[in-house]
Amino acid sequence: MSQGTLFDKVWDAHTVGVLPSGQTQLFIGLHLIHEVTSPQAFAMLRDRGLKVLFPDRTIATVDHIIPTDTRARPLVDSLAEEMMQALEKNCQENGITFYNVGSGNQGIVHVIAPELGLTQPGMTIACGDSHTSTHGAFGAIAFGIGTSQVRDVLASQTLALAKLKVRRVEVNGTLRPGVYAKDVILHIIRKLGVKGGVGYAYEFTGTTFEQMSMEERMTVCNMSIEGGARCGYVNPDQVTFDYLKGRDFAPKAADWDKAVTWWTSIASDRDAQYDDVVVFNAEEIAPTVTWGITPGQGISVDEKVPTPDQMPEDERAIAEEAYQYMDLLPGTPIVGTKVDVCFIGSCTNGRISDLREAAKVANGRHVVEGVKAFVVPGSERVKQQAEAEGLHEIFQQAGFEWREAGCSMCLAMNPDKLQGRQLSASSSNRNFKGRQGSASGRTLLMSPAMVVAAAVTGQVTDVRQLI
Amino acid sequence: MVSEVKSVTGRGIPLQGNDIDTDRIIPARFLRCVTFDGLGAQVFADDRVQMNGQHPFDRPQYQGAEVLVVNANFGCGSSREHAPQAIAKWGIRAIVGESFAEIFFGNCLAMGIPCVTASAATTTTLQERIAESPQVLVNVDLETMQVTCGDLSAPVTLADGPRSMLVNGTWDACGQLVAQAAQIRTTAAKLPYVQWSRAAVS
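Chains A and B supply the protein sequences, listed in that same order. Residues in the first sequence are numbered from 1 upward in steps of one, following our numbering. Residues in the second sequence are numbered from 468 upward in steps of one, following our numbering.
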């Protein structure tokens, strides 16, 4: 059993008590809600005559359904409009702060909470969205929940949970040029599997993560869930503190020094005990691309689609399903695979540093004719910053569309969708069958720089040849 | 409204495959709703169209089934409770599988649906037995922790906490959680950041 880790310390500090079932009643420091998984939770509260216990500990925005071209109201999709109105009404009636479209603070929930300084070390954070693990980058325990649990948090600011085990995922060394945080997490998932993390929190540690910016750490923690781990975190350090200082909701004045002291104290002890430890070498990681229908089906861009005899027996059935669905032949190089759509954005890779890296590759090049390419900033603030730096002009001159903030084609609950069997190069997080809005659409996950490389060549290309 | 779930008996339905994700269980376009009503008809919508009537959820012999038998890592991906809601509204009351994704498992628990795990051999045999004899009843017993189907009987597992919540009828935790309001406020008051953020907002 783990001891002395950040996970243990934060868990203990937030424990309200032990329920008769033996589960822990855990206080949730920050609750984030959006339009998709909250309306039914508010309805359940109304049915039971319950009120929101801590309205100032819940923050709302709209991201999944919002169109990224025109956002004029009423929304063209009447179902989406109904969801918008439900969220507006629920927030208003319950005294919850709502960052609506045009507020300057709207965006993907996992992009806005960090940029506003709401996400802080040592917190417990829950949201009805599996990519809540993103916030672990700050040294928080952050995880996704379902709608009944959203109800529980609204009503009690707590959840009934069983404690997770802790796996130390250590990566040491400096990433080679053209290799990004996205490649690190795709590599980890490839090696540990999509269910390897079930029952665990992942502590990402080692010199590679120490050298990463907060946005890179967010990319890594974001995809913990893709490896089966409901939450992943990085211990807070000077990089974390520097990122937070001065942000809207960050502690101010005398509170700042107290905060840094507390944040430092909740990091894992040097002699902390873990339930499991795995170690990787950063220098062995190459630009990584998925070829299949789970995020664990990834390879280095210079490798070939694996053949069944190269994989464990229990992975062969899903591999066969993947060859057929993706229309890729085992034993053929992934480089050269023709792409139809290129998407840069999402809670994984829709932050300003992602757009800067993508713009570097796009600068002076042009999207190949017949390929649709678009960039969706993760938030209104990211969009504003990118425009201040002129990134939108670089993208537009290169033939990319420049959009408004939202989840866009990551999950295609809005007008951004694949058509038919289109194949997309995507900076998002899931390559599941049908994920990007077409029941037969296909997705290759990769870093934003690799997405640009695909867009300007029309095929999967090793970005190292372009930088 | 909360009831004890000690045992579930009903006809079975086998669904083969590892890593069946929640996007497949309920594609995102069906999440454009403000209630869970009507999701039962849309469960596995795209898979069912592609299998052209041959998907287990479409096959006549499995209509009315109540115990779903799956393989490994069932329900991975998105946290959408719409996925177990769709399965439940189709008629499923218990799921037996080799393993489950964690958020999916938690969502099922909060709805009073047991997700019990069994060995790969047991789940595969169970799927075969149900396919051979779809009318035979499957029983998932949370007190003896056994699954039975005809003359087949095998152990299943479920962690003590969730098992206790189901058997004792406390799987809907909301009431229990709310009842601790005083203790919740005490815990909150001890957390340093609760004070800081108030100061920052004002």
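The C-beta atom is built at its ideal place from N, Cα and C for all residues, glycine as well. The structure presented is a predicted model; accordingly, all values stated were derived computationally and were not measured.
Straight-line gap, residue i to residue j (C-alpha atoms, nearest Å)
i, j, result
"residue 305(A)", "residue 39(A)", "42 Å"
"residue 610(B)", "residue 560(B)", "16 Å"
"residue 216(A)", "residue 341(A)", "24 Å"
"residue 313(A)", "residue 320(A)", "12 Å"
"residue 95(A)", "residue 121(A)", "26 Å"
"residue 204(A)", "residue 365(A)", "36 Å"
"residue 267(A)", "residue 236(A)", "6 Å"
"residue 669(B)", "residue 42(A)", "The pLDDT assigned to residue 669(B) is 38, lower than 50, so where the model puts this residue is not dependable; a value taken from the coordinates is nonetheless given after this. Straight-line Cα distance between these residues: approximately 27 Å."
"residue 601(B)", "residue 582(B)", "21 Å"
"residue 72(A)", "residue 66(A)", "10 Å"
"residue 594(B)", "residue 156(A)", "41 Å"
"residue 488(B)", "residue 261(A)", "42 Å"
"residue 468(B)", "residue 577(B)", "Confidence in residue 468(B) is poor, its pLDDT being 48 and thus under 50, which makes the residue's placement unreliable; the coordinate value appears in the next sentence. Answer to the nearest angstrom: the Cα atoms are 13 Å apart."
"residue 621(B)", "residue 599(B)", "18 Å"
"residue 252(A)", "residue 117(A)", "11 Å"
"residue 295(A)", "residue 457(A)", "24 Å"
"residue 666(B)", "residue 69(A)", "The predicted position of residue 666(B) is uncertain, since its pLDDT is 47 and thus under 50; a value taken from the coordinates is nonetheless stated next. Taking the straight line from one Cα to the other gives about 38 Å."
"residue 324(A)", "residue 240(A)", "44 Å"
"residue 407(A)", "residue 662(B)", "33 Å"
"residue 357(A)", "residue 405(A)", "18 Å"
"residue 511(B)", "residue 265(A)", "47 Å"
"residue 16(A)", "residue 25(A)", "5 Å"
"residue 651(B)", "residue 161(A)", "15 Å"
"residue 698(B)", "residue 575(B)", "This structure cannot settle anything about residue 698(B), because the visible part of chain B is limited to 468 through 669."
"residue 655(B)", "residue 57(A)", "11 Å"
"residue 473(B)", "residue 638(B)", "12 Å"
"residue 154(A)", "residue 46(A)", "11 Å"
"residue 381(A)", "residue 103(A)", "10 Å"
Residues bridged to residue i (per DSSP)
i, result
"residue 608(B)", "474(B) and 613(B)"
"residue 379(A)", "107(A)"
"residue 466(B)", "Residue 466(B) is absent from the structure shown; chain B starts at 468 and stops at 669."
"residue 42(A)", "Beta-bridge pairing links residue 42(A) to no other residue."
"residue 203(A)", "168(A) and 233(A)"
"residue 389(A)", "BP columns for residue 389(A) are empty, so no partner."
"residue 262(A)", "In the DSSP output, where bridge partners are listed per residue, residue 262(A) has none listed."
"residue 33(A)", "60(A)"
"residue 541(B)", "567(B)"
"residue 372(A)", "341(A)"
"residue 300(A)", "288(A)"
"residue 159(A)", "26(A)"
"residue 620(B)", "615(B)"
Residue closest to residue i, alpha-carbon to alpha-carbon, out of the options
i, options, result
"residue 201(A)", "269(A), 294(A) and 277(A)", "277(A)"
"residue 348(A)", "178(A), 133(A), 105(A) and 118(A)", "133(A)"
"residue 452(A)", "439(A), 436(A), 373(A) and 396(A)", "373(A)"
"residue 631(B)", "6(A), 362(A), 240(A) and 20(A)", "20(A)"
"residue 29(A)", "23(A), 18(A) and 14(A)", "14(A)"
"residue 422(A)", "227(A), 339(A), 8(A) and 370(A)", "339(A)"
"residue 27(A)", "663(B), 555(B) and 644(B)", "644(B)"
"residue 504(B)", "545(B), 550(B), 656(B) and 627(B)", "550(B)"
"residue 604(B)", "472(B), 476(B), 470(B) and 640(B)", "476(B)"
"residue 283(A)", "2(A), 174(A), 46(A) and 78(A)", "174(A)"
"residue 300(A)", "105(A), 6(A) and 462(A)", "462(A)"
"residue 432(A)", "531(B), 473(B) and 543(B)", "543(B)"
"residue 354(A)", "7(A), 55(A), 194(A) and 181(A)", "181(A)"
"residue 7(A)", "256(A), 263(A), 383(A) and 92(A)", "263(A)"
"residue 568(B)", "545(B), 509(B), 646(B) and 521(B)", "545(B)"
"residue 44(A)", "657(B), 653(B) and 642(B)", "642(B)"
For residue j and residue i, believed in contact at Cβ under 8 Å, the rounded distance
i, j, result
"residue 88(A)", "residue 98(A)", "7 Å"
"residue 188(A)", "residue 486(B)", "Contact doesn't hold; Cβ gap of about 17 Å is too wide."
"residue 285(A)", "residue 179(A)", "6 Å"
"residue 351(A)", "residue 376(A)", "Not really, about 12 Å apart at Cβ, beyond 8 Å."
"residue 194(A)", "residue 226(A)", "7 Å"
Taking 8 Å as the cut-off, does the region 120-129 of chain A touch the region 29-38 of chain A (at least 3 CB pairs, one atom from each stretch)? yes
Does the region 492-500 of chain B come within contact of the region 405-424 of chain A, defined as at least 3 CB pairs closer than 8 Å? yes
Should the region 423-431 of chain A be called in touch with the region 138-155 of chain A, which here means at least 3 C-beta pairs below 8 Å? They do not touch, by the three-pair rule.
Counting pairs of beta carbons, one from the region 507-526 of chain B and one from the region 207-216 of chain A, are three or more of them closer than 8 Å? The region 507-526 of chain B is not in contact with the region 207-216 of chain A.
So, do the region 471-483 of chain B and the region 529-538 of chain B have three or more beta carbon pairs nearer to each other than 8 Å? yes
Between the region 148-162 of chain A and the region 289-296 of chain A, are three or more C-beta pairs nearer than 8 Å? With a cut-off of 8 Å, the region 289-296 of chain A and the region 148-162 of chain A do not count as touching, because too few Cβ pairs lie within range.
Three-pair Cβ contact test at 8 Å for the region 160-170 of chain A versus the region 443-452 of chain A: no
For the pair the region 98-108 of chain A and the region 502-519 of chain B, tell me if three or more CB-CB distances fall below 8 Å. no
Determine, using beta-carbon pairs with one atom in the region 404-415 of chain A and one in the region 384-395 of chain A, whether at least three such pairs fall under 8 Å. no
Between the region 252-272 of chain A and the region 430-447 of chain A, do at least 3 Cβ pairs fall closer than 8 Å? no
With a threshold of 8 Å, are at least 3 pairs of Cβ atoms found where one atom belongs to the region 227-235 of chain A and the other to the region 108-119 of chain A? For the pair of segments examined, the region 227-235 of chain A was found not to touch the region 108-119 of chain A: the number of CB pairs separated by less than 8 Å stays below three.
Answer yes if the region 633-650 of chain B comes into contact with the region 583-599 of chain B, meaning at least three C-beta pairs across the two stretches below 8 Å, and no otherwise. The way I'd put it, the region 583-599 of chain B doesn't touch the region 633-650 of chain B; fewer than three beta-carbon pairs between them come closer than 8 Å.
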